[in-house]
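What follows is one structure encoded as structure tokens, with my remarks underneath.
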Amino acid sequence: MKDQVIGIIEQSLSALQSLGVLPEGDMPSPQVDHTRDPNHGDLATNVAMALAKRAGMPPRELAQALIDQLPANPIIIQCDIAGPGFINFHLSQASNFAVVETILSAGEHFGRSTEGSGKRVQVEFVSANPTGPLHVGHGRGAAIGDTLCRLLENAGWSVHREFYYNDAGQQITNLALSVKARIDNVEPSDEAWPKDGYQGAYIKDVASAYLSRQTVDAADRSVTASGDADDLANIQAFSVAWLRREQDEDLKAFGVDFDQYFLESSLYTSKSVERTVESLIANQFTYEKDDALWLKTTDFGDDKDRVMRKREGGYTYFVPDVAYHHNKWDRGFERVINEQGADHHSTITRVRAGLQALESGIPQGWPEYVLHQMVTVMRDGDEVKLSKRAGSYVTLRDLIDWVGRDATRYFLTARAATSQLTFDIDLALSKSNENPVYYIQYAHARICSVQRRATDQFEQWSSSDGVQHLALLDQPEEQSLALALSKFPDVLSGATKRLEPHAVANYLRDVAAEFHSFYNAHKIIDDNAELTLARLSLATATRYVIANGLRILGVSAPEAM
RNA sequence: GCCGUUGUAGCUCAGUCGGAAGAGCGUUUGCCUCCUAAGCGAAAGGUCGCAGGUUCGAUCCCUGCCAGCGGCGCCA
Numbered sequence: 001m002k003d004q005v006i007g008i009i010e011q012s013l014s015a016l017q018s019l020g021v022l023p024e025g026d027m028p029s030p031q032v033d034h035t036r037d038p039n040h041g042d043l044a045t046n047v048a049m050a051l052a053k054r055a056g057m058p059p060r061e062l063a064q065a066l067i068d069q070l071p072a073n074p075i076i077i078q079c080d081i082a083g084p085g086f087i088n089f090h091l092s093q094a095s096n097f098a099v100v101e102t103i104l105s106a107g108e109h110f111g112r113s114t115e116g117s118g119k120r121v122q123v124e125f126v127s128a129n130p131t132g133p134l135h136v137g138h139g140r141g142a143a144i145g146d147t148l149c150r151l152l153e154n155a156g157w158s159v160h161r162e163f164y165y166n167d168a169g170q171q172i173t174n175l176a177l178s179v180k181a182r183i184d185n186v187e188p189s190d191e192a193w194p195k196d197g198y199q200g201a202y203i204k205d206v207a208s209a210y211l212s213r214q215t216v217d218a219a220d221r222s223v224t225a226s227g228d229a230d231d232l233a234n235i236q237a238f239s240v241a242w243l244r245r246e247q248d249e250d251l252k253a254f255g256v257d258f259d260q261y262f263l264e265s266s267l268y269t270s271k272s273v274e275r276t277v278e279s280l281i282a283n284q285f286t287y288e289k290d291d292a293l294w295l296k297t298t299d300f301g302d303d304k305d306r307v308m309r310k311r312e313g314g315y316t317y318f319v320p321d322v323a324y325h326h327n328k329w330d331r332g333f334e335r336v337i338n339e340q341g342a343d344h345h346s347t348i349t350r351v352r353a354g355l356q357a358l359e360s361g362i363p364q365g366w367p368e369y370v371l372h373q374m375v376t377v378m379r380d381g382d383e384v385k386l387s388k389r390a391g392s393y394v395t396l397r398d399l400i401d402w403v404g405r406d407a408t409r410y411f412l413t414a415r416a417a418t419s420q421l422t423f424d425i426d427l428a429l430s431k432s433n434e435n436p437v438y439y440i441q442y443a444h445a446r447i448c449s450v451q452r453r454a455t456d457q458f459e460q461w462s463s464s465d466g467v468q469h470l471a472l473l474d475q476p477e478e479q480s481l482a483l484a485l486s487k488f489p490d491v492l493s494g495a496t497k498r499l500e501p502h503a504v505a506n507y508l509r510d511v512a513a514e515f516h517s518f519y520n521a522h523k524i525i526d527d528n529a530e531l532t533l534a535r536l537s538l539a540t541a542t543r544y545v546i547a548n549g550l551r552i553l554g555v556s557a558p559e560a561m
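Just so we're aligned, residue 1 is where the first sequence starts under my numbering, counting upward by one.
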């Protein structure tokens, strides 16, 4: 509808050009917005103010000239000039409800686009090392990352979900040593407890599973424990598999699935790290200093150069990161997006610098990043900091156990990634309109309930039966709801374009509010059969929008509550 | 000190291309004989952190400052 109005305005603008009121040349596409205040009509444009200077006349005068040249059309029934020069459009009744028919014919496809046209995008997220259960920060990453993937899929992209982790290195050694300590009945308070050991309760579980020679099957590996308390290599391999499996179970419970698990160690066995370092040296972006090898990241905007190879010989962490991202580039993805905690912010400059220094034709701002801020968990007005299982942090599993998958996913997605998030357990558990998850799901369930009742009453009806009677809808609550529904495609494309999944969560709350207001003000099932069918069409269209939106958030749409 | 991010109603937070200040909760308060009250309505509540700049117009863009958070290692 907006596009049609834009087209009409453009016709008027070119008419003004031929009349010499406006100079010849390209005009910017007019900006048309939905109004917030119903007194301002349905749509409004600022075009008269924007072009006032070029026309050399006051905005309100230009607005009148523009209105005078509007071509005849069935959509706009009234135009007003308001304020400094806004033009407010009042649209015909029929145009407001045209969206209902569009939704009903598209059904669960309403909101989809082909923008991505099957191009491949790789999204890396979570990427937790297998040294403990996933914490709430990983949960936020999982919720945002997966919802981004669903948004991109919805927009026609072919999405590859990837999880990167390190199964070697110091952290993993510490993990193995911690498990071995538990195998040997050493306590964290003992002197023999490994320095930087992991103290969470889960380490004991790993140890006892190891001793009972279990086999663990994770998504990307399977390891059988020998039970040999002195076989540190086996302890390590088993521990990694055990924790990967636990993470898999948490992610599965969260509705998150990966196409690929990428091992940092594979970059060494494939010689990718070696080749990366050789290229950087060959391209003369490195130098030796203090017995270490440095990368001139300052050539690419970093505030100081970074060590690549340490004095004792090993590489610093960002070297395999650069190799990994070069590998992504080689795999030919159209886009690569990394979702990670903002505490890893400083790696962005380094990774991008390393990629530039490889001189492989990688664009400067590549890859894209979505960073999320920290999560604080509150319960009974106090911050929750500990969990029994992990010790020093609250786990994703804790949240799912406390408030369920739907609420966890919704709350972790509903805030802008750039904002710090307070996860209020009491709010997520409350079953009232202060809890947006229930509020939205309840709207969906209510519609389903009305549909069941309608079936009882009409025996046979189809949501499309009401389409021919949409003209009977003339109540403000009905218009307001239809307007909200019509925004869905724009909300999705905006959220996809800006990589901001929270927009979907907020939008659904608005739609649910519009529906509840409508529901409360008017009986859907009325004595008037035609009006009933029209309202059922509107309600069914609402159901599609809510269900399609919740699907993108990974939240269920219950038919009854 | 440097980098990033945040600062909007009492609280938690939206606010897209610069265009007419928003939601929920909380407070005061009205609505179930009626399709699910897990719901709806009304009232009150604002110096959009501060100061400049650009602009016809700034919560939005730019500069500086203040405050919170995160990062600043030859840890990952």
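We treat Cβ as the ideally placed atom computed from N, Cα and C, and that holds for glycine.
Scanning Gly332, Thr316 and Asn234 for the CA closest to the CA of Thr347 turns up Thr316. Judged by DSSP secondary structure, His444 falls within the alpha helix (DSSP H) whose first and last residues are Pro436 to Phe458. Beta-bridge partners of Tyr165 (DSSP): Leu263.
Residue range His345 to Ala357 is occupied by the alpha helix (DSSP H) that includes His345. Out of Ala292, Thr131, Gln170 and Asn234, the CA that lies nearest to the CA of Gln247 is found in Thr131. Note: Trp294 is bridge-paired with Tyr287 and Val307 in the DSSP secondary-structure output. Val511 is positioned such that its CB atom lies no closer than 7 Å to that of Val136. The alpha-carbon separation between Gln340 and His372 amounts to approximately 6 Å. Under the DSSP assignment, Arg397 falls in the alpha helix (DSSP H) whose first and last residues are Leu396 to Thr413. In the DSSP annotation of this structure, His372 is not part of any alpha helix (DSSP H); the continuous beta strand (DSSP E) holding it starts and ends at Glu368 to His372. Each residue's CA atom was taken as its position, placing Arg275 and Val319 some 11 Å apart. When beta bridges are read from the DSSP output, Cys79 appears opposite Phe89. Distance check between Phe86 and each of Ile75, Ser95, Leu43 and Val123 places Leu43 closest, using alpha-carbon atoms only.
When C-alpha distances from Asp3 are compared across Ala513, His344, Asn39 and Ile76, the shortest belongs to Ile76. Rounded to the nearest whole angstrom, the C-alpha separation of Ala454 and His522 is 15 Å. Counting only the Cα atoms, Met1 lies some 22 Å from Ser463. Ranked by Cα distance from Asp406, the options Val555, Gln93, Val545 and Phe515 are led by Val555. A buried status is given to Pro436, since no fewer than 16 other beta-carbon atoms sit within 10 Å of its beta-carbon. Ranked by how close their Cα comes to the Cα of Ser272, the residues Asn327, Ser226 and Val307 have Asn327 in first place. Contact annotation: Asp259 and His160 have beta-carbon atoms nearer than 7 Å. If you check the CB distance, Trp193 and Ala201 do not come in under 7 Å. Close CB contacts of Ala534 within its chain, under the 6 Å cut and outside five residues either way in sequence, are with Gly466, His469, Leu470, Leu472 and Leu473 (chain order). Residue pairing by DSSP leaves Ala209 without any beta bridge partner. Non-local beta-carbon contacts of Leu550 in its own chain, meaning distances under 8 Å to residues more than five positions away in sequence, involve Ile440, Gln441, His444, Leu508, Ser556 and Ala557 in chain order. When secondary structure is reduced to three states using DSSP, His160 falls in the strand class. For Gln69 and Ser29, the gap between their C-alpha atoms comes out near 17 Å. Non-local beta-carbon contacts of Gly118 in its own chain, meaning distances under 8 Å to residues more than five positions away in sequence, involve Gly156, Trp157 and Ser158 in chain order. In this structure, Glu162 lies near Phe262, with their beta-carbon atoms less than 7 Å apart. Below 8 Å, enough C-beta pairs join the segment 364-381 and the segment 137-146 to call them touching: three or more. Scanning Asn520, Asp527 and Phe515 for the CA closest to the CA of Leu538 turns up Phe515.
Relative to Asn46, the option among Ser270, Gly391 and Ile9 whose CA is nearest is Ile9. Distances from the CA of Asp220 to each of Ser178, Gln214, Asp167 and Lys195 were compared; the closest alpha carbon is that of Asp167. The segment 380-395 makes no contact with the segment 328-337: fewer than 3 CB pairs, one atom from each, lie closer than 8 Å. In summary, His345 is exposed, with fewer than 16 beta-carbon neighbours lying within 10 Å of its beta-carbon over all protein chains present. In the DSSP assignment, Met378 falls within the unbroken beta strand (DSSP E) covering Val375 to Arg379.
When the five nearest sequence neighbours on each side are left out, the beta carbons in the same chain lying within less than 8 Å of the beta carbon of Gly255 are those of Asp146, Arg405, Arg409 and Gly554, in order along the chain.
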